[in-house]
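Here the structure is laid out as structure tokens; the discussion comes afterwards.
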Amino acid sequence: DAGVIQSPRHEVTEMGQEVTLRCKPISGHNSLFWYRQTMMRGLELLIYFNNNVPIDDSGMPEDRFSAKMPNASFSTLKIQPSEPRDSAVYFCASSFQGRSGNTIYFGEGSWLTVV
Amino acid sequence: GDSVTQMEGPVTLSEEAFLTINCTYTATGYPSLFWYVQYPGEGLQLLLKATKADDKGSNKGFEATYRKETTSFHLEKGSVQVSDSAVYFCALNDIPTFGRGTSLIVHP
Chain A
1 DAGVIQSPRH EVTEMGQEVT LRCKPISGHN SLFWYRQTMM RGLELLIYFN NNVPIDDSGM
61 PEDRFSAKMP NASFSTLKIQ PSEPRDSAVY FCASSFQGRS GNTIYFGEGS WLTVV
Chain B
1 GDSVTQMEGP VTLSEEAFLT INCTYTATGY PSLFWYVQYP GEGLQLLLKA TKADDKGSNK
61 GFEATYRKET TSFHLEKGSV QVSDSAVYFC ALNDIPTFGR GTSLIVHP
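Sequence order for the protein chains is A and B. Mapping to my numbering: the first sequence position 7 is 7, numbers consecutive. Mapping to my numbering: the second sequence position 89 is 89, numbers consecutive.
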């Protein structure tokens, strides 16, 4: 089975440009998560969706960040305008939330560099 | 709020040495506990988990026991290999809160 698929794997962009990261969760999963990983702050949960509905976006750093999940098989994380401090690895993950101890499955990440 | 504290790394060991990576947590209720592993350039993947007190999770020679009395979930392996070199994350809850990660370096 295909795992969580993220694109692009690597992106270098100039400050002020719009960045869109994409994610395809595992088929049948009902929850999707966006995480950001940096050396300074470790892994931070930005937002998570359940059944395509955003449940908790308290981790989204500011209004420049937005996330959507138009259907069960696709989600985007958008940064507009991007800034150098947004440089990080962004992970998408999915799981089936139905009982305790659910495993979440991570994609390989999108490595973003804003110059 | 819920949180996880891991020992800081890097942890540097020789092959076949015994490994312990400490993890303690603060949480309300009875969270599920997890260890994830991240190999260079990859995403995190589940290593093992435990869903209730005194449960022992195990996988690939790694073990961790859910200790409610000490709020701990320490990761252990009896004999590490070079291929175990990675970053290990302790996490709690189904919407995971992760520790900062502990880098393990194993030398031949």
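Yeah, the Cβ is synthetic: ideal placement off N, Cα and C, and Gly gets one too. Quick caveat: nothing in here was measured; it's all calculated off a predicted structure.
How many whole angstroms separate the CB atoms of residue i and residue j, which I take to be in contact at a CB cut-off of 8 angstroms?
i, j, result
"A:L112", "A:E18", "The pair is not a contact, with the Cβ atoms about 12 angstroms apart (cut-off 8 angstroms)."
"A:T103", "A:S95", "6 angstroms"
"B:P108", "B:V82", "6 angstroms"
"A:G107", "A:G3", "7 angstroms"
"A:C92", "A:S73", "In fact, because the Cβ distance is near 12 angstroms, the residues do not count as touching under 8 angstroms."
"A:D57", "A:I47", "4 angstroms"
"B:A50", "B:F73", "7 angstroms"
"A:M15", "A:V89", "Contact doesn't hold; Cβ gap of about 19 angstroms is too wide."
"A:E44", "A:G28", "The Cβ separation is near 27 angstroms, so there is no contact."
Give me, in chain order, the residues of the same chain whose beta-carbon lies closer than 7 angstroms to that of residue i; leave out the 5 immediate sequence neighbours on both sides.
i, result
"A:N50", "N30, S31 and Q97"
"B:F98", "V4, F89 and A91"
"B:P96", "F34"
"B:S58", "L48"
Using only alpha-carbon positions, find the residue among the options that is nearest to residue i.
i, options, result
"B:P31", "B:K52, B:V37, B:G43 and B:E8", "B:K52"
"B:S103", "B:R67, B:D54, B:E8 and B:D2", "B:E8"
"A:V53", "A:R22, A:K68, A:P84 and A:W34", "A:K68"
"A:R9", "A:M15, A:R22 and A:G3", "A:R22"
"B:L47", "B:E76, B:R67 and B:V11", "B:E76"
"B:E69", "B:Q38, B:I105, B:K60 and B:T24", "B:T24"
"B:N22", "B:S14, B:A64 and B:D2", "B:A64"
"B:T12", "B:N93, B:S85, B:S79 and B:T26", "B:S85"
"B:T26", "B:T71, B:S79 and B:I105", "B:T71"
"A:S87", "A:M39, A:P25 and A:I5", "A:M39"
"B:G61", "B:S14, B:I105, B:D2 and B:T20", "B:T20"
"B:V80", "B:D2, B:S14 and B:T28", "B:S14"
"B:G101", "A:I26, A:T13, A:Y105 and A:R41", "A:R41"
"B:C42", "A:S82, A:P84 and A:I5", "What sits at residue 42 of chain B in the sequence shown is Glu, not Cys. Taking only the C-alpha atoms, the option nearest B:E42 is A:I5."
Within 8 angstroms (strictly less), CB to CB, does residue i reach chain A?
i, result
"B:R100", "yes"
"B:G43", "yes"
"B:L46", "yes"
Mind checking who residue i pairs with in its DSSP beta bridge?
i, result
"A:D56", "A:Y48"
"A:G42", "A:T38"
"B:Q38", "B:L44 and B:V87"
"A:H10", "A:W111"
"B:E69", "Paired residues: none, contrary to the question."
"B:N59", "B:F62"
"B:H107", "B:S14"
"A:R22", "A:S7 and A:T76"
"A:K68", "A:T76"
With 8 angstroms as the threshold, decide whether the Cβ of residue i is near any Cβ in chain B.
i, result
"A:F106", "yes"
"A:L21", "no"
"A:Y90", "no"
"A:T103", "yes"
"A:L77", "no"
"A:G59", "no"
"A:Q117", "There is no way to answer for residue 117 of chain A, as the model of chain A reaches only from 1 to 115."
"A:Q80", "no"
"A:L43", "yes"
"A:G109", "yes"
Tell me which same chain residues have a C-beta within less than 6 angstroms of the C-beta of residue i, skipping the five on either side of it?
i, result
"A:S7", "R22"
"A:S66", "K78"
"B:D55", "Y66"
"A:F33", "Y48 and A93"
For residue i, collect the residues of the same chain with a Cβ closer than 8 angstroms to its Cβ; drop the 5 residues on either side in sequence, then sort them by chain order.
i, result
"B:D2", "Y25, T26, A27, T28, P31, L92, N93 and T97"
>> Beta carbons nearer than 8 angstroms to chain D: which residues of the stretch 68-100 of chain B have them?
In response: Reference to chain D is not applicable here, since the protein chains of this structure are A and B.
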